[in-house]
């Protein structure tokens, strides 16, 4: 940290930041003082000292209360972020006092979460009850970005669209299939090329999902477009839409098998190369992960099918 950055950090008082946020939220120094159980004069003094320390005006004071200056709006955004991070830090550290000896932040795609992670993470937690796993569901592209930016220690997703300079390790494979209403004309053909489904309305996942991007690329390769009828955010919603005649859709075979009773539906195998996917473990550098994260990586990597090549 540069000297100027250290000096700036020393000029910022966390209590003053909390009071500043309270005043902004309530629009009044008096109301903020009541909520925070502190004298209004003390709140006003804190804010004046904060403005003096920063060398900028943060608030327009008037008889009805206060309004933010442009600089004040910027500080409010950053102050909320800082205070949120402190609350998160406090929560995590308190869990160490309660016996939790490590955290692993994991971001994963919906395909990985629905098909594989519940059983694999459950088995890991039974062996390492002292480790807490924070799991969030995101699109594969967002998983990669979260790992790149340090918001997640580990990602679990499809990396067909690239992983940048991140390291990857094999985790699982999944097969994409076409989901159709029971008795649909495409069922009689056995395995099909995705091109055969382009004559039908489609129920697609989020526009930036790896599955939908693969569908679009496949259609473009044969000079066709997808007749998209609706976008959904979950696989169960997709099944319900297809059951009710809104189209056909593509999802992982195992995910479909796990969703028993979600409509009168059938799956049709796809011959396309892109329908056979690899789900990868993603990290900035596996060797520098905390011990708890490396334990989880080793556990998940054991689930990789034999013969899958490791990736750098």
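Numbering (the working numbering), first residue to last: -19 to 292. A virtual CB, placed ideally from N, CA and C, is assigned to each residue, including glycine. All values reported here derive from a predicted model rather than from experimental measurement.
CB contact flag (residue i, residue j, <8 Å)
i           : j           : result
residue 146 : residue 44  : no
residue 251 : residue 173 : yes
residue 33  : residue 60  : no
residue 233 : residue 154 : yes
residue 124 : residue 102 : no
residue 195 : residue 206 : yes
residue 190 : residue 120 : yes
residue 46  : residue 10  : no
residue 84  : residue 113 : yes
residue 140 : residue 257 : yes
residue 269 : residue 239 : no
One or two residues paired with residue i in a DSSP bridge
i           : result
residue 211 : 184
residue 149 : 261
residue 231 : 157
residue 120 : Partner(s): none; residue 120 has no beta bridge.
residue 4   : Paired residue(s): none; residue 4 is not in a bridge.
residue 88  : 117 and 136
residue 42  : 45
residue 245 : 161
residue 256 : 155
residue 83  : 112
residue 250 : 172
Residue burial classification, residue i (beta-carbon count within 10 angstroms, cutoff 16)
i           : result
residue 282 : exposed
residue 31  : buried
residue 192 : buried
residue 42  : exposed
residue 138 : buried
residue 170 : exposed
residue 81  : exposed
residue 272 : buried
residue 87  : buried
residue 229 : buried
residue 151 : buried
residue 127 : buried
residue 22  : exposed
residue 294 : This structure leaves residue 294 out entirely; the chain is present only between -19 and 292.
residue 24  : buried
residue 19  : exposed
residue 168 : exposed
residue 262 : buried
residue 200 : exposed
residue 132 : buried
Contacting residues, own chain, Cβ-Cβ under 6 Å from residue i (five flanking each side not counted)
i           : result
residue 93  : 117
residue 291 : Residue placement at residue 291 is flagged as unreliable, the pLDDT there being 42, under the threshold of 50; the coordinate-derived value follows with that caveat. For residue 291, where only same-chain residues beyond five positions count, the Cβ hits under 6 Å are 148.
residue 96  : 152
residue 289 : Annotation note: pLDDT 44 at residue 289 (below 50); position unreliable, coordinate value reported separately. Once the five neighbours on either side are set aside, residue 289 has no close Cβ partner at all.
residue 242 : 216 and 219
residue 111 : 82 and 272
Own chain, CB closer than 7 Å to residue i, minus 5 neighbours either side, in chain order
i           : result
residue 208 : 182 and 184
residue 57  : none
residue 244 : 161, 162 and 223
residue -19 : Since pLDDT at residue -19 reaches only 49, below the 50 mark, its modelled position is unreliable, and the value read off the structure follows with that caveat. Once the five neighbours on either side are set aside, residue -19 has no close Cβ partner at all.
residue 187 : 211
residue 63  : -3, -2 and 1
residue 198 : 174, 252 and 254
residue 36  : 51
residue 40  : 46, 47 and 49
residue 15  : 2 and 6
Cutoff 8 Å; reference residue i; Cβ partners in own chain excluding five residues on either side
i           : result
residue 346 : Outside the modelled stretch of the chain, which goes from -19 to 292, sits residue 346, for which no answer is possible.
residue 100 : 279, 280 and 283
residue 204 : 175 and 178
residue 226 : 181, 183, 209 and 210
residue 286 : Confidence at residue 286 is low in this model, with a pLDDT of 49, below 50, so its placement is unreliable and the value that follows should be read with caution. No residues qualify anywhere along the chain.
residue 266 : 147, 149, 274 and 277
8 Å contact criterion, which residue i and residue j should meet: CB distance rounded
i           : j           : result
residue 115 : residue 231 : About 20 Å separates the two Cβ atoms, so there is no contact after all.
residue 134 : residue 276 : 7 Å
residue -11 : residue 3   : Actually they are not in contact, since the Cβ atoms of residue -11 and residue 3 sit about 22 Å apart, beyond 8 Å.
residue 91  : residue 235 : 7 Å
residue 89  : residue 136 : 7 Å
Chain C within 8 Å of residue i, Cβ atoms only
i           : result
residue 110 : In summary, chain C is missing from the structure at hand, where a single protein chain is found.
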